[in-house]
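Numbering (our numbering), first residue to last: -6 to 350.
Every residue, glycine too, gets a C-beta built ideally from N, C-alpha and C.
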Ligand SMILES: Nc1ncnc2c1ncn2[C@@H]1O[C@H](COP(=O)(O)OP(=O)(O)OP(=O)(O)O)[C@@H](O)[C@H]1O
Ligand SMILES: [Mg+2]
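What follows is the structure in structure tokens.
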């Protein structure tokens, strides 16, 4: 689908939503964005991802923005740009990053978002803010519930339903109150009504990929649930999805967490940076829900709506999760039933290489 035709579509939905609070994006000129970012100055650079670089900027009215600048123009990049803008323009939710607008001049493609003062969850767990310990337990719980609610909106309330396909710590941004804002719908894919999954080239990030998606390219809502489960484990433990054990071996966060969860060793599971200051019942919930979400068998995973209820403390639902056979003993966990028995060697990891178009 061409860029222009997509935008006819966006404008159409914009007209339909006239009067509603949600249709607030606009088109920016390149000049305005050059001015705002000091001509995409290196000092303004917030980071770099698959799409290109992200710059901090300030508009003439004083408001702060983040500008994502497409690295190199190609049909594929153009498509991703169009998808991201179209999806973002359609969705509005308190836990989804708000689109301010876009710019398409010549070969420049830029997306403008609200600037998130507290950057990404990744920066607090493993990056530049990790030593500062801004994430106390209450904030972590709110981030978990907020991000789940954002994804639940994409899966269950957006029309058509949307699979994110790249849920990970760098795509959960944090506003000035540390409220979660799920970002980056560039990899997202609409699910046609009535379809259970779409077969697609695998995109996403190692450590967060559901096995059926990595191996068979079957993308469905439950692949997002898998990635979200990894994110929950990361949030509670402060560990990375894949931990380097030696120069050739890596261990997944689920392989590490499952035996500890079976033995109810919550002190060992909790992020040491919490310094023991957490509510054990809630930590237990986050860990068990994270593990059931990141189960290798998609049919065992809850829906993201159930995840929201579980995280908010639904006792009945949680009792069912806790009594699941996967938490009975490490023997079950190691038997391969949940596929959690192996360490990943670099060789294997290469075979899991993420495809690109
Ligand atoms: N709206 C924003 N406010 C503040 N920082 C942002 C914003 N958007 C992105 N960033 C920062 O820019 C970095 C790069 O973002 P980008 O989405 O391009 O890459 P990524 O998330 O690391 O990888 P991917 O391309 O797979 O999404 C992020 O880690 C984040 O810290
Ligand atoms: Mg991102």
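Cβ contact annotation for residue 163 (same chain, cutoff 6 Å, sequence separation greater than five): 113 and 115, in chain order. About 5 Å separates the beta carbons of residue 143 and residue 89, which is inside the 8 Å limit, making them a contact pair. In the structure shown, the three-state DSSP call for residue 165 is strand. Three or more beta-carbon pairs separated by less than 8 Å link the region 89 to 104 to the region 56 to 75, which places the two stretches in contact. Collapsing the DSSP output to three states places residue 150 in a helix. Residue 205 sits close to residue 291, with the two beta carbons spaced by under 8 Å.
Remark: the C-beta of residue 42 is in contact range of ligand 2, defined as less than 7 Å to any heavy atom. Secondary-structure assignment with DSSP links residue 96 through a beta bridge to 103. Sequence-distant Cβ neighbours of residue 134 in its own chain, meaning closer than 7 Å and more than five residues away, are 275. Straight through space, the alpha carbons of residue 58 and residue 107 are spaced by roughly 5 Å. In the structure shown, residue 308 adopts helical secondary structure according to DSSP, grouped into three states. Assigned with DSSP and collapsed to three states, residue 245 falls in strand.
Look at residue 232 here: in three-state DSSP terms it is coil, with no helix or strand label.
In the pairwise beta carbon analysis, the region 257 to 265 is classified as not touching the region 291 to 306: fewer than three pairs are separated by under 8 Å. For the pair residue 219 and residue 161, the CB atoms are not nearer than the 8 Å cut-off. Residue range 130 to 145 is occupied by the alpha helix (DSSP H) that includes residue 141, with no beta strand (DSSP E) assigned at that position. Here residue 155 really is in contact with residue 147; their C-beta atoms are around 4 Å apart, less than 8 Å.
By the criterion of a C-beta distance shorter than 7 Å, residue 311 is surrounded in its chain by 278 and 303, once the five residues flanking it on both sides are discounted. Between residue 255 and the set 241, 199, 316 and 230, the nearest pair of CA atoms involves 316. DSSP places residue 84 in the coil class of the three-state scheme, outside both helix and strand.
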